[in-house]
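Asks:
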Amino acid sequence: MFSRLPFSGILSLSCRMSSTSASVLPTSLLRSTAYVGGSWIRSSDTFPVLDPATGTELLQVADCGPSECREALKAASGAFQAWKEVPSKERSNLLRKWYDLMIQNKEDLAKIITAENGKPTKEALGEIIYAAGFLEWFSEEARRIYGDVISVPLKDRRALVLKQPVGVTAIITPWNFPSAMITRKVGAALAAGCTVVVKPAEDTPLSALALAELAHQAGIPAGVYNVLPCSRQKAPSVGEILCTDPSVAKISFTGSTATGKILLRYAADTVKRVSMELGGHAPFIVFDSADVDKAVAGALASKFRNSGQTCVCTNKFLVQKGIHDVFVKKLSVMMKKELRVGNGFEDGVTQGPLINEKAVEKVEHHVQDAVSQGANIEVGGKRSGVGKNFFEPTLLSNVTAKMVCAREETFGPLAPVIKFDTEEEALAIANSVNVGLAGYFYSQDPAQIWRVAERLEVGMVGVNEGLLSSVECPFGGVKQSGLGREGSKYGIDEYLEVKYVCYGGL
Ligand code: NAP
1062 MFSRLPFSGI LSLSCRMSST SASVLPTSLL RSTAYVGGSW IRSSDTFPVL DPATGTELLQ
1122 VADCGPSECR EALKAASGAF QAWKEVPSKE RSNLLRKWYD LMIQNKEDLA KIITAENGKP
1182 TKEALGEIIY AAGFLEWFSE EARRIYGDVI SVPLKDRRAL VLKQPVGVTA IITPWNFPSA
1242 MITRKVGAAL AAGCTVVVKP AEDTPLSALA LAELAHQAGI PAGVYNVLPC SRQKAPSVGE
1302 ILCTDPSVAK ISFTGSTATG KILLRYAADT VKRVSMELGG HAPFIVFDSA DVDKAVAGAL
1362 ASKFRNSGQT CVCTNKFLVQ KGIHDVFVKK LSVMMKKELR VGNGFEDGVT QGPLINEKAV
1422 EKVEHHVQDA VSQGANIEVG GKRSGVGKNF FEPTLLSNVT AKMVCAREET FGPLAPVIKF
1482 DTEEEALAIA NSVNVGLAGY FYSQDPAQIW RVAERLEVGM VGVNEGLLSS VECPFGGVKQ
1542 SGLGREGSKY GIDEYLEVKY VCYGGL
């Protein structure tokens, strides 16, 4: 069970910090309790949030369970009726204020990300700008929710289409973008008039709670944005309630395909609307006609952001035989020159830790499997001496489509290169997986660019470009990479129902 805290007394009660990385954290935005119905709520249980770079504990955070979850859903349901009737311009202004506060506090928010997720501060700052951009974008989109008037064959009738908010939305997010994966959903949901309960990942609840503090300061009404931190142990019970409770109209999830399938099964019984942003396995194809230096720069950007822990990170490189050797050579030179492993708070570090030891074990397994079947290590290949959760940026050549790294999502700093002969062969390997989120290719042949862009089975294609995410463009995948699109003009539709009104007897 939990108890409410007086708003002014939160800091002394909630911020019992320990260790060194915690000392750089901004206490004004650090919260360790759930945020429900506009209040900070303690729970009888807590769990530790760890610094993945050092393994030290940053903070003990409220470990919410089923009763806190029901309380949060009650708060979101209670707030929904009023929030959906708030004029869109007012909803827009509130989201804009929230955006402004994120920008004002960007350095502090970035420090929280580096502390709990490990990504280098510069990259964390980039995430905050990107994350805030969704609040800004959807503050603008809130005012552009249009219906339709349809011409019908009967003279005495008019047909109208209204767009209405879906309702209370359960949002479950991963650790790899602790801030952006929340605002990409919450910005659209709140703009549409929905209220939300957010369950952040166990590894990174502090960013979600810092966003709650700023939402509070921005004047987002009580119950509209609720945050329910919980441990990995309690995630299944909390997740089940979030996905089965009759008060929830919509589930928006970002995470692995395996968890997505569990939540989809839960959602089936009450036929809830769902958005699923799931795992990927991005191919990066370099054709003989490519500008090799641009391809190498794109490869570095697309593979090693967040130490390879993004859903759109390249998973395997497919390089045509005429350009293969020079590409591998240049990429290995650039990796040694540009990538530096270390604590994300240190200047010049580009490669922080992986999120935990399990993630390191997975990369190690993918490397060992490939090497045991004949792959060559060009760069790296083993754990880094910096600490338990660090792995060296690794480049493998002589990789085949049968190896585990060519079939499964690695989610780490491993770049395996497969040599191919023809365009058909490359497309067959690229499309052989059951997911399809992002895909990249480098070519200077216009006809080939059209052919390959159309034939790659993915939701997003980078042509001569290794970074493609942008708040203005639709993010999402095909096959088992998910359902729906986030960001862009399409993102708000995920939180709107279409209602047809037949107006007769005229
Ligand atoms: P995950 O294990 O599926 O976890 C994601 C979220 O689901 C976390 O909050 C997790 O809580 C929660 N969760 C796990 N089991 C649950 C259950 N039974 N019921 C309710 N909630 C549950 O994924 P991850 O390892 O954190 O994230 C990496 C994956 O996300 C990768 O596959 C990546 O490709 C994908 N991803 C996709 C996108 C996209 O836009 N398509 C973006 C980012 C990441 P705990 O933290 O407590 O386990």
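Counting from 1 along the sequence shown, just add 1061 to a position and that's the residue number in the numbering used here.
Cβ atoms here follow ideal geometry from the backbone N, Cα and C, with glycine treated the same way.
Which residue wins for smallest C-alpha separation from L1303, given the options Y1286, Y1327, I1189, D1161?
Replies: Y1327
Asks: Short check: CB of S1393 to CB of V1440, under 8 Å?
Replies: For S1393 and V1440, yes; Cβs fall inside 8 Å.
Asks: Would you mind working out which of E1202, R1204, G1179, K1172 sits nearest I1189, comparing C-alpha positions?
Replies: K1172
Asks: Out of curiosity, what's the CA-to-CA distance linking M1395 and N1437?
Replies: 18 Å
Asks: Below 8 Å between beta carbons: does that hold for P1239 and N1178?
Replies: Remark: C-beta atoms of P1239 and N1178 approach each other more closely than 8 Å.
Asks: Can you give me the C-alpha to C-alpha distance between F1365 and P1113, rounded to a whole angstrom?
Replies: 17 Å
Asks: Compute the distance between the beta-carbons of L1567 and D1217, then report whether it is under 8 Å.
Replies: yes
Asks: Report all residues from its chain with a CB closer than 8 Å to the CB of R1077; omit the five preceding and five following residues, and keep chain order.
Replies: Since pLDDT at R1077 reaches only 42, below the 50 mark, its modelled position is unreliable, and the value read off the structure follows with that caveat. For R1077, where only same-chain residues beyond five positions count, the Cβ hits under 8 Å are S1093, L1120, Q1121.
Asks: Buried or exposed: where does Q1541 fall if 16 or more other Cβ atoms within 10 Å of its Cβ makes it buried?
Replies: With 16 or more Cβ atoms within 10 Å of its Cβ, Q1541 is classed as buried.
Asks: Applying the 10 Å Cβ sphere with the 16-neighbour rule, what's the burial state of E1146?
Replies: Its Cβ having fewer than 16 others within 10 Å, E1146 is exposed.
Asks: Quickly, what does DSSP pair Y1564 with across the bridge? List them, please.
Replies: R1219
Asks: Assess contact between the segment 1164-1171 and the segment 1216-1236, defined as three or more Cβ pairs (one per stretch) separated by less than 8 Å. Is contact present?
Replies: no
Asks: What's the call for T1265, buried or exposed, on a 16-neighbour Cβ count within 10 Å?
Replies: Counting Cβ neighbours within 10 Å, T1265 comes out buried, since at least 16 surround it.
Asks: Identify, in the order they occur along the chain, each residue of the same chain with its Cβ nearer than 6 Å to the Cβ of F1451, setting aside the five sequence neighbours on each side.
Replies: V1402, P1414, S1445.
Asks: Alpha carbon to alpha carbon, how far is N1459 from A1250? Give it in angstroms, no decimals.
Replies: Counting only the Cα atoms, N1459 lies some 46 Å from A1250.
Asks: Who are the Cβ neighbours of G1208 in its own chain at under 6 Å, not counting the five residues just before and after it?
Replies: V1222, L1223, K1224
Asks: Assess contact between the segment 1130-1137 and the segment 1305-1314, defined as three or more Cβ pairs (one per stretch) separated by less than 8 Å. Is contact present?
Replies: yes
Asks: Going by Cα to Cα distance, which pick from G1126, V1110, S1105, P1235 is closest to K1295?
Replies: G1126
Asks: Quick one: residues in its chain with C-beta nearer than 7 Å to the C-beta of E1418, no 5 flanking neighbours on either side, listed in chain order?
Replies: K1449, N1450
Asks: Kindly indicate which three-state DSSP category T1002 falls into: helix, strand or coil?
Replies: Past the boundaries of the shown model lies residue 1002; the chain is included only from 1062 to 1567, so the question cannot be answered.
Asks: Name the one or two DSSP bridge partners that L1557 has.
Replies: P1226
Asks: So, does the segment 1369-1377 touch the segment 1473-1488, judging by three or more C-beta pairs under 8 Å?
Replies: Taking a contact to require three or more Cβ pairs closer than 8 Å, the segment 1369-1377 and the segment 1473-1488 qualify as touching.
Asks: Taking V1332 and A1095 to be in contact with their CB atoms under 8 Å, please state how far apart those CB atoms are, rounded to whole angstroms.
Replies: Rounded, the Cβ-Cβ distance is 28 Å, inconsistent with contact.
Asks: According to DSSP, is R1326 helix, strand or coil?
Replies: helix
Asks: Helix, strand or coil, according to DSSP, for P1282 in the structure here?
Replies: coil
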